[in-house]
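Chains D and X are the protein sequences, given in the same order.
First residue of the first sequence: 4, per my numbering; consecutive thereafter.
First residue of the second sequence: 157, per my numbering; consecutive thereafter.
C-beta: ideal position from N, C-alpha, C; glycine also.
Predicted, not measured: the structure shown is a model, and the values here were computed from it.
To start, the structure under review is shown below, and the notes come after it.
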Amino acid sequence: MTETVIHVEGLGKRYRVGERERYLALRDVLTRAFSAPLRRGPRRTPDYLWALRDVSFDISRGEVVGLIGRNGAGKTTLLKLLSRITRPTAGFAEVRGRVGSLLEVGTGFHPELTGRENIYLSGAILGMSKREIDRKQDAIVAFSGVERYLDTPLKYFSTGMQMRLAFAVAAHLEPEILFVDEVLAVGDLEFQKKCLGKMQDISESGRTIVFVSHQMNQIRRLCQRVLWVNDGQIREEGSAGKVIASYETSLMRGAQNGQGDAGASVFLGWEIAGEGNTLKDGLKQITLNFMVSPKAGVHRGHFGLHIYNDANLLVASWGFEEVMLEPGLQQLQIMLPYLPLRPGTYTILCSLYNGGNNLTGGHLLEVWNAIPFLAVDTLPLSHQQDNWAGLFNIPADLKTVARVEKKA
Amino acid sequence: MRITPPSGWWALPLGELWNYRELLYFFVWRDIKIRYKQTAIGAAWAVLQPFLTMLIFSLFFGRLAHIPSQGLPYPIFYYSALLPWMYFATALQNATNTIVENQRLITKVYFPRLALPLSAVLSGLVDFGISFLMFIAMMIYYRIHPTAALLWLPLFLLLAVLTALGVGLWLSALNAIYRDVRYVLPILVQFWLFASPVAYPSSLVPERWRWLYGLNPMAGVIEGFRWSLAGAGHPPSRLIFVSVSVVLVLLVSGVAYFQKMETTVADVV
């Protein structure tokens, strides 16, 4: 039985919009007070916006949960509420354990202080004790790679160096629950990799992480579970592969709307028989069903099926000749003995020709970017490091066998 | 820990503040470190500021206006009053601006916000200490021997700290919402300076108005400083109890108002 460390129930946060009360001047309050009795007509009611409304979920100890969603969807507001920076308007949340939040890189850094002094200041602000910082100082410095400038005021650091130092401090936080808001997007590639590795270490040591990112491979790599926040509400939650695929599909759909004539489409949809759009086991036989509804019959047609990965690389491709279709709704069934793809999101591209293929003078009926995307949500079986993981996900075992040399 | 919408109740989060005592220490340390960075003479300013003001006061109020000085040399008369006054004015100023100056921090990380005005008020004590050394040197120069009244000094200092904190809590919370406070503050401080017996002895104030002085805690503090440091005037009268009550009211209401503001500060600041 896993222990729930974050329990959120009906949580909501309302902001006033339009007439923003920022930099409210006393003058405004006074004029409003004096003119109120004289004003005719109905009082103008301020506009409210629910940045977050009726959000409920639970997170257990040791889980790494990703928050995805468009800008302004409410992800950051959710993190701010959970880390007590601002208070909710409705509902409540229960958080059990020491919380560290990382909503910004370099929280509390002061330009006039030296690198070393800033390690202490930022560390203390993020919740470390002085003794803890004393102990970790060397590790922080080594991680940041800015040893040489440690006694120089921060204002003479380049932005990149400041970021490195800031993240190095943050990476050595050891709270039981860590909230991270899109801070991994900084720094060069090598440094990003270092940070991701550190996050993985943290999660492997049994601590809970809630993590916002727009980079889906980061989320896929770090998180077991994903919450998709949309318009201040949880739109979908579940395994990383599945939720990311429906999120990306929705982005895609948004981009496609307004282009092309959706009504004239021959292709209506697709699924893996019995499994929806998520592939859960790539090593067993599957059937892909494509729903089509041609206006006229297709004779000696050609059906092309292509699968691309998220780097837009063609991973697998088939062409079927002599396709015969009646007008009206029917299904194209493709049987595959296995589809051993690495976990991730894939795009399926379909093409349909009538009377031949593209080389034999066939007539192109439609090229269809399949919606939704194909989510492959299987256990990773290939190399642990991303850049060596390759395209396929095939199980392998290693055995050491003694071999006797034959003497000549 | 339960996160709920703000309710009408408030409580002084003393326990929580205690948990964050190291952060409080780091805030004070930061304020002190930064204060004289990139200045040529550094912490000497902590001495020069009251010292130069003392010279100006001695020259204009003393030599030219012949204001009575309770039998003390003018430098001692003015410096002993400027010690608590300079501390109070700077502490109040820093406390008032602290929420606005740290708004980035407030919107990015949680800590008891009370730590900010508290550290602003505490960090001024270091400057006070440095300028106090100067006073000791002056005492030696003028051959003034301290009396047993010196033992009362920490209490007067505490009263000054609490006054700065009480008013600072109110003003920093107000400043977070109404930036007008920034412009009102210098005028308030100036008015307060003349309402306190810094440039003149309180004996100049007519007897029938003297009771008003009790409402200004700094009057008691400054008279108390002169009495305990240089043995001038009388020990503070019963009026000091009025001052203490005023400070307590300011402090309690200040904490209450500040705590109320704290629940929304990250959204409005």
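Return the bridge partner residues of Gln226(X) from the DSSP annotation. In the DSSP assignment, Gln226(X) forms no beta bridge with any residue.
Across the stretch 171 to 181 of chain X and the stretch 122 to 132 of chain D, are there enough close Cβ pairs to call them in contact, namely three or more that are closer than 8 Å? Contact holds: three or more Cβ-Cβ distances are below 8 Å.
Helix, strand or coil: which one does DSSP assign to Pro158(D)? A quick correction: the sequence has Lys, not Pro, at residue 158(D). In the structure shown, Lys158(D) adopts helical secondary structure according to DSSP, grouped into three states.
Start and end of the alpha helix (DSSP H) containing Arg64(D)? Counting along the chain, Arg64(D) falls outside any alpha helix (DSSP H), and DSSP gives it neither H nor E.
Touch check for the stretch 5 to 22 of chain D and the stretch 59 to 66 of chain D: three-plus C-beta pairs under 8 Å? Touching, yes, given that three or more Cβ pairs across the two stretches are closer than 8 Å.
Whole runs of the alpha helix (DSSP H) within the stretch 116 to 141 of chain D, excluding any shorter than 4 residues: The qualifying runs are 118 to 128.
Mind pulling the chain X residues with CB within less than 8 Å of Pro91(D)? Think of a sphere of 8 Å around the beta carbon of Pro91(D): the chain X residues whose beta carbon falls inside it are Ile159, Thr160 and Pro161, in chain order.
Whose CA, out of Arg87(D), Arg19(D), Gly111(D) and Lys16(D), lies closest to the CA of Phe183(X)? Ranked by Cα distance from Phe183(X), the first of Arg87(D), Arg19(D), Gly111(D) and Lys16(D) is Gly111(D).
Residue of Cys198(D), Ala54(D) and Leu116(D) minimising C-alpha distance to Lys193(X): When each option's Cα is compared against that of Lys193(X), the closest is Leu116(D).
Measure the C-alpha to C-alpha separation of Lys189(X) and Phe207(X) and round it to an integer number of angstroms. In this structure, the CA atom of Lys189(X) is about 22 Å from the CA atom of Phe207(X).
Alpha-carbon to alpha-carbon, Leu330(X) and Ala174(D): About 36 Å.
Using 10 angstroms around the beta-carbon of Asn280(D), count the other beta-carbons present and answer buried if the total reaches 16, otherwise exposed. Under this definition Asn280(D) is a buried residue.
Alpha-carbon to alpha-carbon, Arg134(D) and Arg119(D): Between Arg119(D) and Arg134(D), the C-alpha separation is close to 15 Å.
Could you list which residues in chain X have their beta carbon closer than 8 Å to that of Leu129(D), in chain order? Within 8 Å Cβ-Cβ: Val265.
Under 8 Å between C-beta atoms, does Ile190(X) make it to chain D? Residue contact with chain D for Ile190(X): present (Cβ-Cβ distance below 8 Å to some residue of chain D).
Neighbour list for Gly111(D) in chain X, Cβ cutoff strictly below 8 Å: What Gly111(D) touches in chain X: Leu261 and Val265.
Among the residues of its own chain, which have a CB less than 8 Å from the CB of Glu240(D), if the five just before and after it don't count? Phe60, Arg228, Val229, Leu230, Trp231 and Val246, listed in sequence order.
Which residue comes first and which comes last in the beta strand (DSSP E) that contains Ile289(D)? Following the DSSP letters along the chain, one finds Ile289(D) inside the beta strand (DSSP E) bounded by residues Ile289 to Val295.
Supposed contact pair Leu291(D) and Leu362(D) - C-beta distance, whole angstroms, cut 8 Å: The Cβ separation is near 24 Å, so there is no contact.
Is the shortest distance between the beta-carbon of Leu177(D) and the beta-carbons of chain X less than 8 Å? The residue asked about is misnamed: residue 177(D) is Glu in this sequence, not Leu. By this cut-off, Glu177(D) is not an interface position.
For a contact defined as C-beta to C-beta under 9 Å, what are the partners of Val98(D) on chain X? For Val98(D), the residues of chain X that pass the 9 Å Cβ criterion are Met157, Arg158 and Ile159, in the order they occur in the chain.
Cutting at 7 Å between CB atoms, please list the residues of its own chain near Thr155(D), excluding the five before and the five after it. Within the same chain, Thr155(D) has close Cβ partners Thr117 and Gly118.
For a contact defined as C-beta to C-beta under 8 Å, what are the partners of Ala202(X) on chain D? Simply none; closest approach about 18 Å.
Output needed for Val144(D): all residues of its chain with C-beta closer than 6 Å, excluding positions within five of it in sequence on either side, in chain order. Correct list, in chain order: Glu150.
Along the alpha helix (DSSP H) that carries Glu418(X), what are the first and last residues, could you check? According to the DSSP assignment, Glu418(X) belongs to the alpha helix (DSSP H) that extends over Leu395 to Glu418.
Below 8 Å, can you find three or more Cβ-Cβ pairs linking the stretch 209 to 224 of chain X to the stretch 340 to 348 of chain X? Counting Cβ pairs under 8 Å, fewer than three are found: no touch.
Separation of Asp141(D) from Phe170(D), as counted between CA atoms: About 14 Å.
Residues that Arg382(X) bridges to, as DSSP identifies them: None; Arg382(X) has no bridge partner.
Go ahead and label Gly196(X) buried or exposed: buried means 16 or more other beta carbons lie within 10 angstroms of its beta carbon, across all protein chains shown. According to the sequence as given, residue 196(X) is Ala; it is not Gly. Burial call: exposed.
Is the beta carbon of Trp241(X) closer than 8 Å to that of Leu349(X)? Contact flag set, yes.
Contact between the stretch 286 to 294 of chain X and the stretch 361 to 372 of chain X is defined here as three or more beta-carbon pairs at a separation below 8 Å; is this criterion met? No, they do not touch.
Candidates Ala332(X), Pro391(X) and Leu360(X): closest to Val421(X) by CA position: Looking at Ala332(X), Pro391(X) and Leu360(X), the one whose alpha-carbon comes closest to that of Val421(X) is Ala332(X).
Using the DSSP secondary-structure output, state which residues sit across from Ile337(D) in a beta bridge. According to DSSP, which records beta bridges pairwise, Ile337(D) is partnered with Leu291(D).
Under 8 Å, do Arg158(X) and Phe95(D) count as touching if we go by C-beta distance? Yes, the pair counts as a contact, with Cβ atoms nearer than the cut-off.
Cβ-Cβ distance between Met294(D) and Leu332(D) below 8 Å: Yes.
Quick test of your reading: Ser236(X) and Phe381(X), contact by CB under 8 Å. State the CB separation rounded to the nearest angstrom. Confirmed, about 5 Å.
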